[in-house]
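What follows is a set of notes on a single structure, which appears directly below.
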């Protein structure tokens with residue numbers, strides 16, 4: 010009964026909020042928000058920074074749950090507003106563009122004179138999303154469908170993402186810009202060598218030392234301790250296989266990062282604000298089912314999978330394709346992970362990655378920010 014009321018309320022609120030759109034309209038204004046106002050990150054951030062750096066004729070607004078944490082953005086001429094406040098809603102409804110990386114609330118309307126651009130926050134086609142795995146109540150599915158019925162334009166990183174995720178899982182029949190993800194431009198072009206020093210300096214690591222980034226996905230039935238590694242054994246294997254002195258950066262989801270034990274075995278990178286910078290500066294990525302495997306593949310650097318709950322996760326959520334066919338060496342326990350490190354074959358891995366990107370039909374060319382900005386200017 011409560012679910013039905015929420016769906017009815019979402020429909021009513023959507024109609025009522027259209028009143029806020031009455032009045033002045035700003036054709037040069039863009040409202041950005043990432044992960045429902047929780048971060049200044051991902052594709053919206055890279056589009057915003059591209060526009061701001063070139064002083065293009067746009068007024069930029071960012072919506073945050075805690076706008077005071079981002080006061081420094083005002084120096085760039087960016088207007089800050091509290092996510093889902095009345096001010097935020099009015100700004101959204103009177104701006105030419107809204108750009109986000111997730112579904113907007115089902116009750117937020119978009120008028121005909123506006124364009125909503127959903128960049129999403131993952132590439133390739135790996136774990137199932139949307140209708141492909143949704144096991145929610147009927148009313149929650151209705152609200153999700155209501156949200157997806159809002160006219161929008163999606164960005165796509167690959168042909169597989171367009172077909173499996175956008176068209177099939179999100180049931181989107183509208184426009185798709187197949188241009189790659191703006192956040193991946195730096196990973197494709199590899200034109201920011203200063204990031205190597207920036208990351209190492211931030212974590213007090215010598216420039217010549219090597220970095221392994223361990224970034225598992227969040228699961229609501231796992232504690233932080235369930236993600237633990239034998240860090241010393243991993244470091245020894247890395248030195249044996251690749252040489253050099255290694256450090257391990259651990260990036261956990263904010264829901265569980267406070268549960269991490271304090272130890273010198275790893276460096277906690279959970280609060281670092283930009284995942285793409287960490288990917289750029291790291292020499293190896295270890296994760297499980299994160300879409301960051303797509304991003305990291307663009308660098309050509311080794312990516313290893315460590316999936317201790319594979320069978321359970323596959324049954325609960327599922328994948329678009331058999332995980333064993335992916336180009337990333339797969340381990341289901343620490344011993345297998347260590348063996349995969351020691352036996353890593355760079356030549357075979359490079360061939361597998363090249364084929365994988367070709368099979369999925371990659372659109373990543375390193376110019377997504379430029380391309381989407383041209384689109385915004387052209388369609389003012």
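In the numbering used here, the protein residues as written are 10 to 389.
Heads up, the beta-carbon is just placed ideally off N, CA and C, and yes, glycines get one too.
Pairing residue 193 with residue 171, the inter-Cα distance amounts to about 17 Å. Runs of the beta strand (DSSP E) spanning 3 or more residues and lying entirely within the stretch 90-151 occur at 104-109, 124-127, in chain order. The criterion of a C-beta distance shorter than 8 Å is not satisfied by residue 328 and residue 165. Of the candidates 321, 204, 69, 308, the residue whose Cα lies closest to the Cα of residue 85 is 69. Around residue 291, the same chain offers 220, 222 as residues with beta carbons nearer than 6 Å, after the five sequence neighbours per side are excluded. DSSP, reduced to helix, strand and coil, places residue 274 outside both helices and strands of the structure shown, so it counts as coil. Judged by DSSP secondary structure, residue 211 falls outside any beta strand (DSSP E) and instead within the alpha helix (DSSP H) spanning 203-211. Note on geometry: alpha-carbon atoms of residue 359 and residue 252 lie some 19 Å from one another. Per the coordinates, the alpha-carbon of residue 140 lies some 31 Å from the alpha-carbon of residue 95.
Take residue 206, set aside five residues on each side of it, and the residues of its chain with a beta-carbon closer than 8 Å to its own are 216, in chain order. Minimum Cα-Cα distance from residue 325 among the listed residues 174, 229, 66, 184 corresponds to 229. DSSP, read as helix, strand or coil, puts residue 349 in helix. Rounded to the nearest whole angstrom, the CA to CA distance from residue 317 to residue 236 is 8 Å. For the options 51, 122, 379, the alpha carbon positioned closest to that of residue 35 is the one of 122. For residue 219, the enclosing beta strand (DSSP E) starts and ends at 219-223. Contact annotation: residue 298 and residue 55 have beta-carbon atoms that are not nearer than 8 Å. The stretch 101-115 makes contact with the stretch 36-50: 3 or more CB pairs, one atom from each, lie closer than 8 Å. Distances from the CA of residue 163 to each of 177, 169, 173, 181 were compared; the closest alpha carbon is that of 181.
Rounded to whole angstroms, residue 375 and residue 21 show a C-alpha spacing of 42 Å. Separation of residue 210 and residue 383 (C-alpha to C-alpha, rounded to the nearest whole angstrom) is 35 Å. Uninterrupted beta strand (DSSP E) stretches at least 3 residues long and entirely within the stretch 308-363 occur at 312-315, given in chain order. With contacts defined as CB atoms closer than 8 Å, residue 247 and residue 278 fail to qualify as a contacting pair. Residue pairing from DSSP places residue 163 in a beta bridge opposite 127, 185. With respect to residue 301, residue 284 sits close: the two C-beta atoms are nearer than 8 Å.
In the DSSP assignment, residue 256 is bridged to 220.
According to the DSSP assignment, residue 36 belongs to no alpha helix (DSSP H) but to the beta strand (DSSP E) extending over 35-42. The Cβ neighbour count for residue 64, taken over all protein chains shown within 10 Å, is under 16; the residue is labelled exposed. Of the other Cβ atoms in all chains shown, 16 or more fall within 10 Å of the Cβ of residue 109; this residue is therefore buried. In the three-state DSSP reduction, residue 372 falls in the coil class, being neither helix nor strand.
Residue 73 sits in a strand when the DSSP states are folded into three classes. Residue environment analysis places residue 62 among the exposed positions, since fewer than 16 neighbouring C-beta atoms fall within 10 angstroms of its C-beta. Pairing residue 196 with residue 296 gives a Cβ-Cβ distance that is not under 8 Å. For residue 204, same chain residues with a beta-carbon under 8 Å away, outside a window of 5 residues either side, are 195, 286, 289, 290 in chain order. For residue 171, there is no enclosing alpha helix (DSSP H), as DSSP gives it neither H nor E.
Contact between residue 293 and residue 311 holds, since their C-beta atoms are separated by about 5 Å, short of 8 Å. For residue 287, the enclosing alpha helix (DSSP H) stretches over residues 284-290.
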